[in-house]
Amino acid sequence: MEINKVYSGFRLDRIECIDEINGTAYEMKHEKSGARLIYIDSPDSNKVFNIAFRTTPHNSTGVAHIMEHSVLCGSRKFPLKEPFVELVKGSLNTFLNAMTYPDKTMYPVASKNDKDFHNLMDVYLDAVFYPRVREDVEIVMQEGWHYELENADDELTYKGVVFNEMKGVYSSPDSVLERQMMRELFPDTTYGVDSGGDPDHITDLTYEEFQEFYRVHYHPSNSYIFLYGDMNIEEQLAFLNDEYLSHFDAIEVHTEVALQAPFTEGKVVSYPYSVGSEEPTDNRTLHSFAYVLPDVTPEHSLAFEVLTHALLTSPAAPLKQALVKAGIGSDVSGYYLDSIRQPMWTVQATGSNLDKQADDLQRIVESTLQELCDKGLDKELLEASLNSIEFALRESDFGGRPIGLAYIIRMMDNWLYDNDPLELLHYEEALANIRKGLAGTYFEDLIRHSILNNNHKVLVSIYPERGLQERKDAEVKEHLAAVKANMTKEEIDAIVEQTKRLKIRQETPDSDEALASIPLLELSDLNPNMEAVERRESKISNTTVHFVPTFTKGINYVGLYFKLNCLTEEELFYADILSDILGRVDTSERGYEALAKDINMNLGGLSSDITAISKDGKRDEFIPLMIVRAKALHAKLPDLCRLINEVVQKADYSDDSRLIELVQESKAIWDNEAFRRGNSIVSQRVMAQVSAVGKFRDNGNLGYYQKISELASNPAALPLLPEKLSEVARKIFRANNVDIMFVGEEGELEAFENLMKPLVETWDTTKLSNDVLQITRLSGNDGIVTAGKVQYVAQGGNFIDHGFKHVGPMSVLETILRYEYLWIRIRVQGGAYGAFANFYDDGNMIFCSYRDPNLLETLDVYKELPQYLRDFTLTDREMRKYIIGTMSSLDLPMTPALRGPRAMGMYFSGAKLEDKVEFRKQVIACKPEDIVALADVVEPVLNDNHICTMGNEQKIKDAGNVFDNIVSLG
687 MEINKVYSGF RLDRIECIDE INGTAYEMKH EKSGARLIYI DSPDSNKVFN
737 IAFRTTPHNS TGVAHIMEHS VLCGSRKFPL KEPFVELVKG SLNTFLNAMT
787 YPDKTMYPVA SKNDKDFHNL MDVYLDAVFY PRVREDVEIV MQEGWHYELE
837 NADDELTYKG VVFNEMKGVY SSPDSVLERQ MMRELFPDTT YGVDSGGDPD
887 HITDLTYEEF QEFYRVHYHP SNSYIFLYGD MNIEEQLAFL NDEYLSHFDA
937 IEVHTEVALQ APFTEGKVVS YPYSVGSEEP TDNRTLHSFA YVLPDVTPEH
987 SLAFEVLTHA LLTSPAAPLK QALVKAGIGS DVSGYYLDSI RQPMWTVQAT
1037 GSNLDKQADD LQRIVESTLQ ELCDKGLDKE LLEASLNSIE FALRESDFGG
1087 RPIGLAYIIR MMDNWLYDND PLELLHYEEA LANIRKGLAG TYFEDLIRHS
1137 ILNNNHKVLV SIYPERGLQE RKDAEVKEHL AAVKANMTKE EIDAIVEQTK
1187 RLKIRQETPD SDEALASIPL LELSDLNPNM EAVERRESKI SNTTVHFVPT
1237 FTKGINYVGL YFKLNCLTEE ELFYADILSD ILGRVDTSER GYEALAKDIN
1287 MNLGGLSSDI TAISKDGKRD EFIPLMIVRA KALHAKLPDL CRLINEVVQK
1337 ADYSDDSRLI ELVQESKAIW DNEAFRRGNS IVSQRVMAQV SAVGKFRDNG
1387 NLGYYQKISE LASNPAALPL LPEKLSEVAR KIFRANNVDI MFVGEEGELE
1437 AFENLMKPLV ETWDTTKLSN DVLQITRLSG NDGIVTAGKV QYVAQGGNFI
1487 DHGFKHVGPM SVLETILRYE YLWIRIRVQG GAYGAFANFY DDGNMIFCSY
1537 RDPNLLETLD VYKELPQYLR DFTLTDREMR KYIIGTMSSL DLPMTPALRG
1587 PRAMGMYFSG AKLEDKVEFR KQVIACKPED IVALADVVEP VLNDNHICTM
1637 GNEQKIKDAG NVFDNIVSLG
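Residue numbering for the sequence shown follows the working numbering, starting at 687 and increasing by one per position.
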């Protein structure tokens, strides 16, 4: 392709090689429609398409968010109720979603299959340019909000998917803090409103306002199109032009993001947030001290990432230490945000009280930064943080997500504001300049210019208030009663009729003709086989090493898999604490600050977690593990081995004050994040009644939160902690209690073994019993009360108990339930954000809804599932769709970082590749009658009546005898 030539209506303006991502970028403009396009040519088979629009709302009605939902509810070529859901059911996508940001809305898809990729593009393009919602108000009513009134005598209520989703968001205190902070920092721009929608304002949105927002924002002239991967780009350009863009004429758009005028002086403000009637209020205040930064270049953005890591993230972070030691908060963190037009830098403290606000927090932040600038920042600390950031850039691992998606999200941070989008994919020059700046006052000058001499700042605090949610609920109820009282009989009857029409619409299936409009692959496009991840065993003395040979771009991944069945159930709590604090306490060789610098200087990361791997197909047989992971460039392998040995074998747990800090920090994090973890909390609490592995996982989830809260509030127990941790560490970290994973390239194993052998030979080899762990299940159904506005409702059990085993059709049923039965009954009709079902090979089965306005109604949906299954019928085409969608979920891309854990999971579970292939064949061969037969599996499990709900206090108390135990989250 040549610059200035036109290809299917696209004028090629620029070609640029980007060595950092091994790709070549082509920047184009569609001359007739005004659409912008960037294509990155790469050998990557995981192709990505994205179309984005600059969306700049002027209020908090959530119009941009509701638009994102609504355009995916039917279009010109695909006249279904929800083409998006049909795609998820029957596509081999590796990514399929839509995202609303403060100033943009993105519609990305990815697939490795060429035909599938084309289908995904076609459906998304038709959705954004020809959506049915332009003429169909009922879509906005369903996805946004509407009055609900089934009978004229009923209470008038609000319902809507986004309305309830955002009620869930606003139930988390950190979301409330974020919203108030943005409102105070940007009072005159789009960032001062909530693009996702504030539940107090979503019901102000009118259909006319919605239509106007579409007209202004959803035109090709306001679009940003991105293609990435190994593809025939000229074919894609011809498709974009012929099918879509050639039918539009360029217009002048005015969706620019306005600049907020800088403040002449800072602000200090506070707001209440709601907690349950039985939740504690002491040390539950959250603070956010934020600056809007002036004149930030891409290089400065990268420097701020380094600075934030050094000052606030690393265990050696001096600003974090100053705030924690002054008692400002139990957990101190911060972040730098450059995905908006005016970047911001934030310091946050949780586990605090309101009296710690301006006089303490702001003073300590500013005085500490001033002192650091006057004395000079620790160059070794900065270099260590720079190395950590650089490693992440070079590794480019996004947890299995398509890498092209990460590139476009990053590019939009410039492209949206008419700056050079490709500039943000280059980082070598910026890294070199920053590294050079370490020798001088680069970072000190940055702090002075952007923070200390900057009055565009806000200190926002939110404090807990009991009864706040109840008062708000009463106000809404009173308001709706007044609205209804002022309606005429005709208006009330119209709402009743409208409610009925909407329910009929929701319950009426799409016609076969409409369903056939969605392109569909053939079963012959599916591969029943799966890639075998090679794993070779060798020995270091008596310790097994598992080598997973992989092309890793010069990076090695190491995992130490320590078994926990040598502990009692009581000791698991201390193992969880160990996992949290590993690498963050002193060692026998040095203090934790020096250790943190060393880790960041030489490694790409060091972490630990606790997990359980179930034996394949076995009821309650599992391997409890603590996994210590580290990664580094191969040249740094000696440092990796040295450091992982030091944190595991030489940790010193005797510093009481440091342990108290870490315990209080862990509790504060849980206080802040618990409601957002609702899915896992209620699911694992149900499983804690059902199985030992479920109780094990609950011990590290809600069980851990309850125990860490108790420990944090019990000064008498804290002095016993060093001895407990030392004893548990001695039991776990033994040479004869570990399997070692090494992921690297051929020829690297020998070097690793030579480095690890002399270290492992110094480890304790005391033989301890491996059958000490005895798990006691929970009894009774828990209702976990919070001040939240929505619920998480879970029910489950174990199907092996009833004589069944895990088979392929169960995975197909998961897809059917998530995107058909539960989707329609709980999301579309019930107004929840979503629901899912999981069937596991150990027999455990769970149903769970999330951000759900209902409770008893959702349990009724679960109860009616067996009858739905017995009545289940489906055309061959629709069955094929669910099979394809299921296979997509089984075929997630494997990055080098994920291959080792996959191989180790197979090893510990005892799973065989041929069994996995047989399971996949069962999925592909699944028939409607196989789904019908699962009614006999589901029904007895549901009859076992294992339930847990977390959510609104009054809702749970009104549920009567559903719950045996009413417990407070806090």
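Beta carbons are placed, not taken as given, at the ideal position from N, Cα and C, and that holds for glycine.
Figure out for me which residue from the options has the closest Cα to the Cα of residue i.
| i | options | result |
| --- | --- | --- |
| A1167 | D839, A1398, P1029 and F849 | D839 |
| S1071 | D1630, I1137 and L998 | L998 |
| V1493 | E1177, S1465, D1527 and V1653 | D1527 |
| S1654 | N736, L988, E1156 and F1361 | F1361 |
| M807 | R818, R820, Y793 and Q1056 | Y793 |
| R1606 | P1495, V961, D1017 and D1616 | P1495 |
| Q1375 | V1627, D1179, V1471 and V749 | V1627 |
| R1221 | N1215, T1230 and P1214 | T1230 |
| D1457 | S1025, N1251, D1546 and G1637 | N1251 |
| L1483 | Q1370, F1248, E706 and S746 | Looking at the sequence provided, one finds Gly at residue 1483 rather than Leu. When each option's Cα is compared against that of G1483, the closest is Q1370. |
| K1143 | M867, F1525, S1377 and F735 | M867 |
| L1669 | Y977, M1216, V954 and E1347 | In the structure as shown, the chain begins at 687 and stops at 1656. Residue 1669 is therefore absent and cannot be evaluated. |
| V734 | K1549, E706 and T780 | T780 |
| K1065 | V992, K1042 and G1020 | V992 |
With DSSP as the reference, please indicate the residues paired to residue i in a beta bridge.
| i | result |
| --- | --- |
| H716 | F696 |
| E1223 | H1232 |
| F1419 | Beta-bridge pairing links F1419 to no other residue. |
| C1634 | D1468 and A1480 |
| R722 | K715 and Y910 |
| S1294 | V1314 |
| L972 | I1148 |
| A796 | V734 and F781 |
Along the chain, where does the beta strand (DSSP E) containing residue i start, and where does it finish?
| i | result |
| --- | --- |
| S1147 | K1143 to R1152 |
| M1427 | V1424 to G1430 |
| L782 | N779 to L782 |
| R740 | K733 to R740 |
| V757 | That residue, V757, is in no beta strand (DSSP E); it is neither H nor E in DSSP. |
| Q1034 | M1030 to S1038 |
| F1525 | G1520 to F1525 |
Under DSSP, the alpha helix (DSSP H) around residue i begins and ends at which residues?
| i | result |
| --- | --- |
| S987 | P984 to T994 |
| S1071 | K1065 to E1081 |
| F1259 | E1255 to I1267 |
| M1373 | G1364 to V1376 |
| E834 | No alpha helix (DSSP H) holds E834; the beta strand (DSSP E) holding it covers H832 to E834. |
| H887 | P885 to I888 |
| K1567 | D1562 to L1576 |
| I1330 | L1323 to Q1335 |
| I1094 | I1089 to W1101 |
| R1187 | K1175 to E1193 |
Can you give the beta carbon distance from residue i to residue j, rounded, assuming they're within the 8 Å contact cut?
| i | j | result |
| --- | --- | --- |
| C1534 | V1333 | 36 Å between Cβ atoms; not a contact. |
| S909 | F696 | With a Cβ gap of about 13 Å, S909 and F696 do not count as contacting. |
| K1665 | I1299 | Residue 1665 cannot be examined here, being either before or after the span of the chain that is shown, 687 to 1656. |
| L1055 | A996 | Wrong, their Cβ atoms sit about 12 Å apart, outside the cutoff. |
| I1226 | M1442 | 6 Å |
Would you say residue i touches the ligand NAP, meaning its beta carbon is less than 6 Å from a heavy atom?
| i | result |
| --- | --- |
| M714 | Only the bare structure without any ligand can be found here, which leaves the ligand NAP out of the picture. |
Query raised in the report: At a cut of 8 Å, does the region 753–770 reach the region 1106–1118 through at least three beta carbon pairs?
Result: no
Report task. May I ask you to verify whether the region 1076–1085 touches the region 1042–1052, counting CB pairs closer than 8 Å and requiring at least 3? Result -> no
Query raised in the report: Any chance the region 1422–1437 sits against the region 1230–1242, with 3 or more Cβ pairs inside 8 Å?
Result: yes
Query raised in the report: Three or more C-beta pairs closer than 8 Å, one from the region 699–715 and one from the region 892–903: is that the case here?
Result: no
Query - the region 989–1005 contacting the region 1276–1284, beta-carbon criterion three pairs below 8 Å - result: yes
**Report entry** Three or more C-beta pairs below 8 Å linking the region 929–937 and the region 1117–1126
**Finding:** no
Query raised in the report: Does the count of Cβ pairs from the region 1148–1159 and the region 960–969 closer than 8 Å reach three?
Result: yes
**Report entry** Three-pair Cβ contact test at 8 Å for the region 875–890 versus the region 735–751
**Finding:** yes
Query raised in the report: Is the region 1167–1181 close to the region 977–997, with three or more CB pairs under 8 Å?
Result: no
**Report entry** Three or more C-beta pairs below 8 Å linking the region 1302–1311 and the region 1371–1391
**Finding:** yes
Query raised in the report: Counting Cβ pairs closer than 8 Å, one from the region 807–820 and one from the region 856–874, do we hit at least three?
Result: no
Query raised in the report: Counting pairs of Cβ atoms below 8 Å between the region 1557–1570 and the region 1508–1519, do you hit three or more?
Result: no
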